[in-house]
Amino acid sequence: MLVIIQLTGSCFAATLGLDAENLNASEASDTYESNSVLRDLDFSNRTLAGVLALYQRNNVSLVYSSALVDSDMVVRINPSDNSIVKRLQEALAHFNLALEYTPQLTSWQVVRAQQVNRFMRLRATNLPAAFAELDIGPYSYRANKNGEVFLPSALIDTSYPILVRYSNSDAVIINSETLATETTLYFDSPVDTKLEEVWVTASRFVVGEKNKSSRRALSAEEFNAMPLRGGDPVQVVNNLPGVASLGFSARPHIRGGEADDVLIVFDGIELIDPFHLKDFNSLLSGLNSSVVDQVEVYTGGYSVQYGRKMSGVINIATKDNDDENELNWNFITSSAKLTGASKGGVLSWVATGRRGNLQDIVELSNEDIGSPKFSDFSGKLVWKIDDGISLDIGALNIRDDIKLSLLDGDEGEVASSLYHSNYSWLRLRQVKGTFLQSLTYTAVELENNRNGYVNEPNNPDESVGNLADIRDFNIDRIQYDASYSPSEKHLFKTGAILEYANGKYNYRATASLGELAGFLGQSRQIDVAVDTSLSRIDTGAYLSYQYLPRSWFSSELGLRWDRQDMTNNSEGSIDTSTNSYSTNDSHRQFSPRINSRFQIGSDTALYMNLGRYYQVSGINDLDVTKQKTHFYPAQKSDQLILGVEYYLTSNLQWKSEIYKKKIANPTPRAESLYSSYSLLPEISADYIYLTPDSAEAFGVDTFLKYENLKGDSRWFGHTWSDTTDSFDGVNVARQWDQKHSISLGMAGRFLGLSYFAQAAWHSGWRTTSVKPVLVLGEDNLAEHRNDSEVSDFFSFDAKISKEWNKNDYSVIAYLEVYNLTRHTNAGAYELELTALDELNHFSSQRERESLLPITPIFGVSLRF
25 MLVIIQLTGS
35 CFAATLGLDA
45 ENLNASEASD
55 TYESNSVLRD
65 LDFSNRTLAG
75 VLALYQRNNV
85 SLVYSSALVD
95 SDMVVRINPS
105 DNSIVKRLQE
115 ALAHFNLALE
125 YTPQLTSWQV
135 VRAQQVNRFM
145 RLRATNLPAA
155 FAELDIGPYS
165 YRANKNGEVF
175 LPSALIDTSY
185 PILVRYSNSD
195 AVIINSETLA
205 TETTLYFDSP
215 VDTKLEEVWV
225 TASRFVVGEK
235 NKSSRRALSA
245 EEFNAMPLRG
255 GDPVQVVNNL
265 PGVASLGFSA
275 RPHIRGGEAD
285 DVLIVFDGIE
295 LIDPFHLKDF
305 NSLLSGLNSS
315 VVDQVEVYTG
325 GYSVQYGRKM
335 SGVINIATKD
345 NDDENELNWN
355 FITSSAKLTG
365 ASKGGVLSWV
375 ATGRRGNLQD
385 IVELSNEDIG
395 SPKFSDFSGK
405 LVWKIDDGIS
415 LDIGALNIRD
425 DIKLSLLDGD
435 EGEVASSLYH
445 SNYSWLRLRQ
455 VKGTFLQSLT
465 YTAVELENNR
475 NGYVNEPNNP
485 DESVGNLADI
495 RDFNIDRIQY
505 DASYSPSEKH
515 LFKTGAILEY
525 ANGKYNYRAT
535 ASLGELAGFL
545 GQSRQIDVAV
555 DTSLSRIDTG
565 AYLSYQYLPR
575 SWFSSELGLR
585 WDRQDMTNNS
595 EGSIDTSTNS
605 YSTNDSHRQF
615 SPRINSRFQI
625 GSDTALYMNL
635 GRYYQVSGIN
645 DLDVTKQKTH
655 FYPAQKSDQL
665 ILGVEYYLTS
675 NLQWKSEIYK
685 KKIANPTPRA
695 ESLYSSYSLL
705 PEISADYIYL
715 TPDSAEAFGV
725 DTFLKYENLK
735 GDSRWFGHTW
745 SDTTDSFDGV
755 NVARQWDQKH
765 SISLGMAGRF
775 LGLSYFAQAA
785 WHSGWRTTSV
795 KPVLVLGEDN
805 LAEHRNDSEV
815 SDFFSFDAKI
825 SKEWNKNDYS
835 VIAYLEVYNL
845 TRHTNAGAYE
855 LELTALDELN
865 HFSSQRERES
875 LLPITPIFGV
885 SLRF
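The opening residue of the sequence shown carries number 25 in the numbering used here; numbering runs sequentially from there.
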């Protein structure tokens, strides 16, 4: 049933305005009133954060916290007042916010309104008032189970009509006479009904504008100020506790896991290896930060809605209501973003394209290195079909055409990689009160064509060989997700997935390896030829229940179920393994998880996460380098996290977590013991195959962060960890095991500049020791694998940026400098052997493979 109620009274704008007694605020307000851009600005359908950004760009001294201003806040009306400051106050009032002038800072601050809201109750004789929906002018609210609604004080005593919907009745308009006898509204005294959203999940970081839902978060100002190589949002992860990184690759190791153990989600779509130069240490991802609204990172303990990966989740959400165009250029990439919308906002769209600039730099400096060309594109069209119903049409394309060479005359390595991944999706979404559901269809095409050769005939530590690696995959996926909250204490989430994938592998490798292979117990010759095609069907479902019985306790129970049905379509003989799936096989996994959080007072919280996580090999994970034509079974990881967070002051937060992960039946993997940065590792002499029985990771993360109202922040992080594989009861450190890591940083604004500076140190990654003189047939280097460390890593990175605003556009110039102190960091040690005699005696010498030297990157952005 529809009920229309007309509230009479003065316009709410009259209740807003500057404090007449605050002369400094009045004078500050007068300085902006001549700005015609802000006076004529149409607020309608702009995000509140976008409006505040426009004020800042037009030289209004304004600070606000992303904990108060959420990117979902959309201003639905255009304020009627002519005063620039009062217009902003009018918009803020709809979100229980206000402006407060601070003379000491000579700036305005967005704060919570002193009179937070008023209390309205629906009284009905024959109408179900519980959970009724109210539309007051352009704004929507929902009653609780008692029929109570909490409204901003700015909406009380307005001339807006109130439209009340009762979900279980037909839509009928009742005239005012009937209304008076059936429903009444009354206002009680103001009460504070502030409700903070509670996240039960531990190990969660949020980077971007939606910071209000997590206390362990980096502010939007920090995200914009971070030095992200090529504007890569995935690299944000490298600044977090529990992440192992050498600062060169964009792929992180989270809490002892492999780089492939991390799930990357972009706009709700699961991605597969979304990196540029993915065959050459993955320099940066194929995702453009100009469309990113927030980066949500789980380093453990995540909900059952995330499956198929067992170490972490990087969930990248794109912007809604994006109305800003951009042109960006830096030494690594050039990009453009275009946005638009139809009249009335029924249709809106955003498209961004980016190309790499590295090939231009290489051509100018040393064209013999090769030609690293890459590009990416993303776009989305949103059609608002009806109230609460929308259709998204999205696309993401990542393309590489890489040619690299490490030659000394005719000898050395040459490799090429032509890679193309294309994602297209349709998503139908519906929001009805607290019930949300979406149905998504995704089509994925992956093409990878590698080639190259190694020509080192006279070096005993090298190889002579060739490589051809052609892989093609197609994936069709249907996914349903839904959530429902019948009251403030209960939240249900459920979903299901159906995926069909098929792929073709055509792998060729010919190599004649040097004596180093003999010192590692490897075959001196490789002849591999694999032609196989496979198809599989993956299904899964999940259900979770979050319960908040008391304000001091919350919990989440979840269960996930996954199944894989596989078919091998190869012709001829197949090399099978006892620990791999057999042809036409089906396997199932059940993943229970529980999360609990205890709030002790207003400044302390304890939490616990206990769960099982499975990682399933994807269609692209077939280990053809070892002639395997079947997938390995799913890895199983049982994880426990215990944590505490404590606010020492309102601006200073301390958080610490202890975690333990036990991995059963880890997937066999291959590693390069010495030449970690080889262009063609599969035909390198030191490429060894590992089959651990189990693995374990144990560690403690500590994070301390200070942030003031101006957005200036300081932080300190420390991680101690121990990560091992087990072989027949013997524990061996994983190559990326780093015992200690420390980060210390600061970010903020000073003299009109935005700055970010961070010092990062960690103990060296593992390497394999070697004696000065080796005897072939007697010494086995593989027995000493990862028994020593490379030198400790240290890098001081900084970024400064300056923004100039003019009318409706702004220009931002920035300078990023990596490894500002010129510290020489070793990524690995390459082993060189020299024959001493004919009796199989060789001298050995390790040569350090250094990481990036001091690297400045200049860039400029135009936003309009």
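We put the beta carbon where it would ideally sit given N, CA and C, even for glycine. As the structure is a computational prediction, the values presented were derived from the model and not from experiment.
- The segment 78 to 93 and the segment 839 to 851 do not touch, with fewer than three beta-carbon pairs separated by less than 8 angstroms.
- When C-beta atoms of the segment 292 to 309 are compared with those of the segment 419 to 428, three or more pairs fall below 8 angstroms, so the two segments count as touching.
- Excluding the 5 residues flanking it on each side, residue 249 has same chain C-beta neighbours closer than 7 angstroms at 771, 778, 779, 780, 823 and 825, in chain order.
- CA-CA distance, residue 558 to residue 465, rounds to 22 angstroms.
- Under the three-pair Cβ rule at 8 angstroms, the segment 569 to 580 counts as touching the segment 613 to 623.
- About 5 angstroms separates the Cβ atoms of residue 875 and residue 272, confirming a contact at the 8 angstroms cut-off.
- Taken atom to atom, the span from the alpha-carbon of residue 493 to that of residue 72 is near 50 angstroms.
- Annotated as proximal: residue 545 and residue 804, with beta-carbon spacing under 8 angstroms.
- Distance from residue 768 to residue 730 at the Cβ level is roughly 12 angstroms; contact not present, criterion being Cβ atoms closer than 8 angstroms.
- Residue 523 is positioned such that its CB atom lies no closer than 8 angstroms to that of residue 550.
- By alpha-carbon distance to residue 88, the top candidate from 801, 829, 732 and 383 is 732.
- Taking residue 98 as reference, the option from 375, 345 and 329 with the minimal CA-CA separation is 345.
- Taken through DSSP and simplified to helix, strand or coil, residue 74 comes out as helix.
- Exposure of residue 575 is indicated by the presence of fewer than 16 other C-beta atoms within 10 angstroms of its C-beta.
- Residue 786 and residue 765 do touch by the CB rule: their CB atoms are close to 4 angstroms apart, below 8 angstroms.
- Annotation: residue 324 is outside any beta strand (DSSP E) and is labelled neither H nor E by DSSP.
- With distances taken between CA atoms, residue 285 lies nearest to 693 out of 700, 103, 693 and 879.
- DSSP places residue 114 in no beta strand (DSSP E) but in the uninterrupted alpha helix (DSSP H) bounded by 108 to 117.
- Contact annotation: residue 62 and residue 82 have beta-carbon atoms nearer than 8 angstroms.
- Nearest to residue 760 by alpha-carbon distance, out of 123, 260 and 269, is 269.
- In this structure residue 370 is exposed. Its beta-carbon is surrounded by fewer than 16 other beta-carbon atoms within 10 angstroms.
- Taking a 10 Å sphere around the C-beta of residue 367, we find fewer than 16 other C-beta atoms and assign the residue as exposed.
- Bounds of the beta strand (DSSP E) holding residue 720 are 718 to 731.
- Residue burial annotation: residue 828 is exposed, with fewer than 16 other C-beta atoms found within 10 angstroms of its C-beta.
- For residue 468, the number of other beta carbons within 10 angstroms of its own is at least 16, and it is reported as buried.
- Minimum Cα-Cα distance from residue 740 among the listed residues 728, 404 and 763 corresponds to 728.
- If you compare the alpha carbons of 512, 845 and 713 with that of residue 878, the shortest gap goes to 845.
- Per the coordinates, the alpha-carbon of residue 341 lies some 14 angstroms from the alpha-carbon of residue 374.
- Taking 8 angstroms as the cut-off, the Cβ atoms of residue 649 and residue 706 count as close.
- Excluding residues up to 5 positions away in sequence, 279, 280, 685 and 747 lie with their Cβ nearer than 6 angstroms to the Cβ of residue 721 in the same chain.
- Inter-residue distance for residue 713 and residue 357 is about 36 angstroms (C-alpha atoms, whole angstroms).
- As the crow flies, the alpha-carbon of residue 745 is around 30 angstroms from that of residue 254.
- Taking a C-beta distance under 8 angstroms as the contact criterion, residue 321 and residue 338 qualify as a contact pair.
- By the beta-carbon neighbour count (other beta carbons within 10 angstroms, threshold 16), residue 837 is exposed.
- At the C-beta level, residue 587 and residue 615 stay beyond 8 angstroms of one another.
- In this structure, the straight-line span from the alpha carbon of residue 430 to that of residue 704 is close to 11 angstroms.
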